[in-house]
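Participant: Following this message is one structure expressed as structure tokens.
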Amino acid sequence: MAELAMTPKPGLFTRTAAFFRGLVAKRGAIGHWYHGVLDAPANLWGWLQDRWEKMDLFDESHTEKAKTVPWYALGGMWYWVWMLVIGSGVLLMIFYIPDTNQAFGSIERIMTNWKIGAFPIGSMARGLHKYGADAFIILATMRVYRIWFTGGYKGGHELSFMVALLILIVGMYSGLTGYLLIWNQRALWATKVMATFPTYLDKNPSWIPGGDFINATNQGKTTAQVLLGGTSIGPATVTRFYAFHFMLSFVLMIFFELRVYHRDFKRMNIGRWTKLIIFLIIMAVAIFIPAAQGSPANPEVTPNPILSDWYFLAMYQMLKLQDPYLATILTVGIPFIVIFALFMDRRPETKWGQRQIFNWIGIGGLIYFVLFSFLIINEIADIHRDPPLWYYSMGLFLLIGYFQDWAYVMKRDNKRWWETFHIFFVAFIAVSMVANTLYHYFGDIREHNVRAKEIVQQVMAAKGMTMDQAYSWLESNRPALNLWHTNEVVTATGKPHGMELWRLHAIAWLAIPALGFVVGMKRWGAKRDARQDAEAAKAKPKAAATAPAAQA
Amino acid sequence: MNENTRRTFLKAATTIPIIGGAVLAMHSILRYFKPTMVGGLDGLTAPPDMAPSPPQVAAEISDLQAPWACKDFIYVRNSVEYSSRKTQGAKIPGFVLRLPDEFVADKSDPKNFYLIVQRICPHLGCTFNFVPDHDALKGGYNYDAPQPFHPYFACPCHLSVYDPTHTQDIAGSVDGKAFDKLRGKVVSGPAPRPPRTMSFDIKDGKILITDTEGGGVG
Numbered sequence: 001m002a003e004l005a006m007t008p009k010p011g012l013f014t015r016t017a018a019f020f021r022g023l024v025a026k027r028g029a030i031g032h033w034y035h036g037v038l039d040a041p042a043n044l045w046g047w048l049q050d051r052w053e054k055m056d057l058f059d060e061s062h063t064e065k066a067k068t069v070p071w072y073a074l075g076g077m078w079y080w081v082w083m084l085v086i087g088s089g090v091l092l093m094i095f096y097i098p099d100t101n102q103a104f105g106s107i108e109r110i111m112t113n114w115k116i117g118a119f120p121i122g123s124m125a126r127g128l129h130k131y132g133a134d135a136f137i138i139l140a141t142m143r144v145y146r147i148w149f150t151g152g153y154k155g156g157h158e159l160s161f162m163v164a165l166l167i168l169i170v171g172m173y174s175g176l177t178g179y180l181l182i183w184n185q186r187a188l189w190a191t192k193v194m195a196t197f198p199t200y201l202d203k204n205p206s207w208i209p210g211g212d213f214i215n216a217t218n219q220g221k222t223t224a225q226v227l228l229g230g231t232s233i234g235p236a237t238v239t240r241f242y243a244f245h246f247m248l249s250f251v252l253m254i255f256f257e258l259r260v261y262h263r264d265f266k267r268m269n270i271g272r273w274t275k276l277i278i279f280l281i282i283m284a285v286a287i288f289i290p291a292a293q294g295s296p297a298n299p300e301v302t303p304n305p306i307l308s309d310w311y312f313l314a315m316y317q318m319l320k321l322q323d324p325y326l327a328t329i330l331t332v333g334i335p336f337i338v339i340f341a342l343f344m345d346r347r348p349e350t351k352w353g354q355r356q357i358f359n360w361i362g363i364g365g366l367i368y369f370v371l372f373s374f375l376i377i378n379e380i381a382d383i384h385r386d387p388p389l390w391y392y393s394m395g396l397f398l399l400i401g402y403f404q405d406w407a408y409v410m411k412r413d414n415k416r417w418w419e420t421f422h423i424f425f426v427a428f429i430a431v432s433m434v435a436n437t438l439y440h441y442f443g444d445i446r447e448h449n450v451r452a453k454e455i456v457q458q459v460m461a462a463k464g465m466t467m468d469q470a471y472s473w474l475e476s477n478r479p480a481l482n483l484w485h486t487n488e489v490v491t492a493t494g495k496p497h498g499m500e501l502w503r504l505h506a507i508a509w510l511a512i513p514a515l516g517f518v519v520g521m522k523r524w525g526a527k528r529d530a531r532q533d534a535e536a537a538k539a540k541p542k543a544a545a546t547a548p549a550a551q552a
Numbered sequence: 553m554n555e556n557t558r559r560t561f562l563k564a565a566t567t568i569p570i571i572g573g574a575v576l577a578m579h580s581i582l583r584y585f586k587p588t589m590v591g592g593l594d595g596l597t598a599p600p601d602m603a604p605s606p607p608q609v610a611a612e613i614s615d616l617q618a619p620w621a622c623k624d625f626i627y628v629r630n631s632v633e634y635s636s637r638k639t640q641g642a643k644i645p646g647f648v649l650r651l652p653d654e655f656v657a658d659k660s661d662p663k664n665f666y667l668i669v670q671r672i673c674p675h676l677g678c679t680f681n682f683v684p685d686h687d688a689l690k691g692g693y694n695y696d697a698p699q700p701f702h703p704y705f706a707c708p709c710h711l712s713v714y715d716p717t718h719t720q721d722i723a724g725s726v727d728g729k730a731f732d733k734l735r736g737k738v739v740s741g742p743a744p745r746p747p748r749t750m751s752f753d754i755k756d757g758k759i760l761i762t763d764t765e766g767g768g769v770g
């Protein structure tokens, strides 16, 4: 007591400094966050080195499994098909002329003139290139799904999954740059869409921090002009796409071959009979369905209907349903969303029944891909009817997976129920579903109201009626117009009801994860504190035993 | 990293100039990626450098007497190209539409009777069509137009439909003249705005295009 009385009370500054020192001590949520940020570069580097060691390019670490389970031979099959495509591509390169006036004709010549006797070598080479590329994309897609559904990215194989995804994306871009070279209508309009698409990166809303600054740098327009070699599709575009078409494969190949050189492994885990069968299948398709050429490109006429190549159909349909800015962000973001979802799968389970949310993400993606393509090919898609069904089913898939997952965890160990209680996940899905649907219907009602007001005013002027008379006249003459006939609604027309879709999305996407982050950090900090306390207690049992006694 | 600060410092001091030199070397290559840009580092972010395009005839007035008469034309917009070709012409397809009298508010100016738009869809750049038929619009473009029917502009790619009789609020300028409303309201589909405009004059019974709104891929 005497000692305490002698010590002067620390001043406000000292106490404040002590408080902040306490915050950044290696304890508690803020302390862990602070030291986590400081250690992040070193930890990330270590993480990357570990994943780099385990990275799998062509399923080369599954050679034994591939002998019995064909799913694990997909990597080798894909590599073989890639080699076939490169080989036939080199043959085509000799005869193809990359110029807007001659490209179409040069392909016609390859298809019809290049023969040995009656055997059409040119048609075979082009068929091998085209259908080989299709097989490339099918196999790369199957491989991504195999890794996804078997949980193959777990145990430090995240980079293997990302490489598989990269292969698929490179394949799709090779397809896009490749089919402009044919210079037919499909090619021209697909390129037009693909080149206009980045310009929406300059249309960031100004409420996004830095949005106006990003817009002012014209990155989207610059990307478009770099792709096209100017302000329109022309000869420069064809040569550029020709260059990109090689570059994509060459860069990927150099990267892969360096790896093979350093590690010395077998590239293809399939036998020579499998290779021969794959080759014969592609050749058979090329013989029975010679690769189509379409009609020559005409920049002045867009045919109706116009379809992209089959692997872009689903995305093409998606562009019809959404605000273009949102659609651009979403399309560019799909691979990142997939990688984000991968890092959300934190538990070690790899069996089918034990990770239902992630299965449903995969199944959902597959269903939309097939369904959208089917609807658009058969011309039964309806851009006014479909969107709510799509939003609802997407939310529904995730909710089914979520509750299945919850059931599994409760059965396994009901003391750890919070492992699956992703309240923020459920909240996000619910907000998204409600927002999308409300926007769809209220957006339509808004349109009807505006039109109703205009039509009613025309009728009033033309027939000398009052507003109520005009409405009842319209109602009896054209019931299909779906007009609202209260004066309040009419006077409120022209003003948007509720918020726009992308605003709701922005709030949901930013606010809910931010809240989740704060709560998660707090709980994580508390858990680490408890673990450190337990370790400390184990290391110094005496100190731990005496500490409570001293307090008491 | 903290073990040997002197070595770290020297490494950084030699690395930075090397990276800088590499960036400068890359710039000379990257600059050429965008052939229509102005010189210097600004060029990577600047809009295309425009060359003057002479006024071009879009249509004869005598062909556009009937209401809803529509003519298509091509306007060539030049931009400077920093290569052996010197300039690059982007072909901009367009429509001249004769509006019926009941949709023209101010009849004193003869220019108000004509709607001139660029046919490049402001959504993703396809060339849109003039659709004078209700069933074609419903079947081909997924839009069930209200009665009484009048023609619409509609794009085959992503099914945007524009109503030439209505305006939509949008700010912009053509040929130095500001506008705050444009004809061609989006009534269906994903397009963010009405079609891009062109400024024009009427001389000797001909419609002359004098300038175009920027943006869009030709």
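Chains as they are written, first to last, in my numbering: chain A, 1 to 552; chain B, 553 to 770.
For each residue, glycine too, the CB sits at the ideal point set by N, CA and C.
(1) Return the residues of the stretch 35-60 of chain A that lie within a Cβ-Cβ distance of less than 7 Å from chain B, sorted by chain order.
(2) Can you give the beta carbon distance from residue 587 of chain A to residue 143 of chain A, rounded, assuming they're within the 8 Å contact cut?
(3) The beta strand (DSSP E) that contains residue 618 of chain B, what's its start and end?
(4) Using a Cβ-Cβ distance cut-off of 7 Å, determine whether residue 269 of chain A contacts chain B.
(5) Are residue 661 of chain B and residue 632 of chain B touching if we call contact CB-CB under 7 Å?
(6) Who are residue 754 of chain B's beta bridge partners in DSSP?
(7) What separation, rounded to the nearest whole angstrom, lies between the Cα atoms of residue 720 of chain B and residue 301 of chain A?
(8) Quick one: Cα of residue 372 of chain A to Cα of residue 316 of chain A, how far?
(9) At a CB distance below 7 Å, what residues from the stretch 181-196 of chain A approach chain B? Give them in sequence order.
(10) Please list, in chain order, the residues of the stretch 634-663 of chain B that have any C-beta partner in chain A closer than 7 Å.
(11) Given residue 360 of chain A, which residues of its chain have a CB within under 7 Å of its CB, disregarding the five upstream and five downstream residues?
(12) Within 7 Å of any Cβ in chain A, is that where the Cβ of residue 560 of chain B sits?
(13) Using a Cβ cut-off of 9 Å, pull out every chain A residue sitting near residue 567 of chain B, in sequence order please.
(14) Any idea which residues DSSP pairs residue 184 of chain A with across the strands?
(15) Bridge partners of residue 705 of chain B, per DSSP?
(16) Quick check on residue 255 of chain A: does DSSP put it in helix, strand or coil?
(17) Could you pull out every residue in the same chain whose Cβ sits closer than 8 Å to the Cβ of residue 182 of chain A, ignoring the five residues on either side in sequence?
(18) Suppose the cutoff is 8 Å on Cβ atoms and the five residues either side in sequence are ignored; what does the same chain contact list for residue 79 of chain A look like?
(19) When the distance is taken between beta carbons, is residue 231 of chain A closer than 7 Å to residue 588 of chain B?
(20) Does any CB atom of chain B fall closer than 7 Å to the CB of residue 487 of chain A?
(21) According to DSSP, which residues form a beta bridge with residue 650 of chain B?
(22) Among A:409, A:324, A:378 and A:35, which residue has its Cα nearest to the Cα of residue 356 of chain A?
(23) I want to see whether chain A comes within less than 7 Å of residue 563 of chain B, judged by CB atoms only; does it?
(24) Tell me the rounded alpha-carbon separation between residue 607 of chain B and residue 639 of chain B.
(25) Does residue 225 of chain A pass the burial test, meaning 16 or more other C-beta atoms within 10 Å, or should it be called exposed?
(26) So, does the CB of residue 571 of chain B fall closer than 7 Å to a CB anywhere in chain A?
(27) Closest by CA to residue 393 of chain A, which one among A:204, A:28, A:434 and A:405?
(28) What residue range is occupied by the uninterrupted alpha helix (DSSP H) comprising residue 327 of chain A?
(29) Buried or exposed for residue 322 of chain A, going by 16 or more other Cβ atoms inside 10 Å?
(30) In the structure shown, what three-state DSSP assignment does residue 612 of chain B receive?
(31) Could you please give the first and the last residue of the uninterrupted beta strand (DSSP E) stretch that includes residue 738 of chain B?
(32) How would you write the range of the beta strand (DSSP E) that residue 635 of chain B sits in, first residue to last?
(33) Going by DSSP in three states, residue 643 of chain B sits in which element: helix, strand or coil?
Facilitator: In brief:
(1) none
(2) Any question about residue 587 of chain A goes unanswered here, given that chain A covers just 1 to 552.
(3) Neither: residue 618 of chain B is in no beta strand (DSSP E) and is coded neither H nor E.
(4) no
(5) no
(6) B:759
(7) Cα to Cα, the separation comes out at about 26 Å.
(8) 9 Å
(9) Under the 7 Å Cβ criterion, the stretch 181-196 of chain A contributes 189, 192, 193, 195 and 196.
(10) 640, 642, 643 and 645
(11) 397, 398, 400 and 401
(12) no
(13) Chain A residues near residue 567 of chain B: none, gap ~17 Å exceeds 9 Å.
(14) A:296
(15) Per DSSP, B:682 and B:714.
(16) helix
(17) 103, 104, 107, 293 and 294
(18) 58, 267 and 268
(19) yes
(20) The predicted model places residue 487 of chain A with a pLDDT of 35, which falls under 50 and marks its position as unreliable, so this point remains unresolved.
(21) DSSP lists B:666 as the beta-bridge partner residues of residue 650 of chain B.
(22) A:409
(23) Under the Cβ distance rule, residue 563 of chain B does not count among the residues neighbouring chain A, no pair being separated by less than 7 Å.
(24) 17 Å
(25) Classification for residue 225 of chain A: buried.
(26) no
(27) A:434
(28) 324-344
(29) buried
(30) strand
(31) 729-740
(32) Bounds of any beta strand (DSSP E) do not take in residue 635 of chain B, whose DSSP letter is neither H nor E.
(33) strand
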